[in-house]
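Everything below concerns the one structure shown next.
In the working numbering, the protein residues as written are 30 to 204.
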């Protein structure tokens with residue numbers, strides 16, 4: 030959460046270093062448009078009280094489970110991919126790799142693109158555990174949702190980093 034002018038100033042002075050060391054590739058960054066002046070005129074439907082209650086209870090339950098696990102000295106849970114999710118992930122990785130070569134559409138964004146599969150799988154695991162608990166395996170649906178969320182962040186990364194774009198490649202990150 031940084032003001033745009035400050036971020037762009039910092040990026041213009043330190044962007045190359047931030048990209049070269051891989052820091053920004055490990056972040057989910059986004060440049061959202063300001064909603065100042067329109068927030069009270071929202072036509073969005075209000076969240077159902079039951080949905081909000083379920084969400085808050087789910088967050089509290091997962092936090093309490095984590096605290097209890099650590100206080101007992103138990104190891105972290107490892108969640109596996111379903112067969113369908115693994116096929117999807119492998120296909121995505123192969124398709125992505127072809128866009129990283131010199132002259133290809135993601136050449137200027139190799140730093141972020143190389144971490145993209147990790148972002149997808151982490152998001153998918155979070156979605157799966159949040160919805161179904163850590164005893165499940167990552168479903169194809171969670172993997173697809175993780176992909177779409179990560180891709181949204183990738184699009185924003187490309188937009189934000191275009192000022193540091195050393196080869197002049199402009200691209201939509203969608204594969």
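All residues carry an ideal CB built from backbone N, CA and C; glycine is no exception.
Since the structure is predicted, the reported quantities are computational estimates derived from the model, not experimental observations.
Selected residue, minimal CA-CA separation from residue i, among the options
{"i": "residue 183", "options": "88, 57, 38 and 99", "result": "57"}
{"i": "residue 63", "options": "128, 149 and 31", "result": "31"}
{"i": "residue 117", "options": "36, 40, 50 and 150", "result": "150"}
{"i": "residue 51", "options": "188, 143 and 99", "result": "143"}
Three-state class that DSSP yields for residue i in the structure shown
{"i": "residue 31", "result": "coil"}
{"i": "residue 129", "result": "coil"}
{"i": "residue 57", "result": "coil"}
{"i": "residue 110", "result": "strand"}
Other residues of its chain near residue i: CB distance less than 6 Å, five sequence neighbours each side excluded
{"i": "residue 146", "result": "122"}
{"i": "residue 173", "result": "none"}
{"i": "residue 154", "result": "108 and 167"}
{"i": "residue 176", "result": "149"}
Own chain, CB closer than 7 Å to residue i, minus 5 neighbours either side, in chain order
{"i": "residue 195", "result": "Here the model assigns residue 195 a pLDDT of 43, short of 50, so the residue's position is not dependable, and the following value carries that caveat. Cβ neighbours of residue 195 beyond the five flanking positions: 137."}
{"i": "residue 152", "result": "175, 178 and 179"}
Same chain, Cβ closer than 8 Å to residue i, five either side skipped, listed in chain order
{"i": "residue 48", "result": "54, 140, 190 and 193"}
{"i": "residue 157", "result": "108, 165, 166, 167, 168 and 171"}
Inset, instruction - Decide if the segment 157-166 is in contact with the segment 134-148; the criterion is three or more beta carbon pairs, one per stretch, under 8 Å apart. - result: no
Inset, instruction - Answer yes if the segment 167-181 comes into contact with the segment 85-99, meaning at least three C-beta pairs across the two stretches below 8 Å, and no otherwise. - result: no
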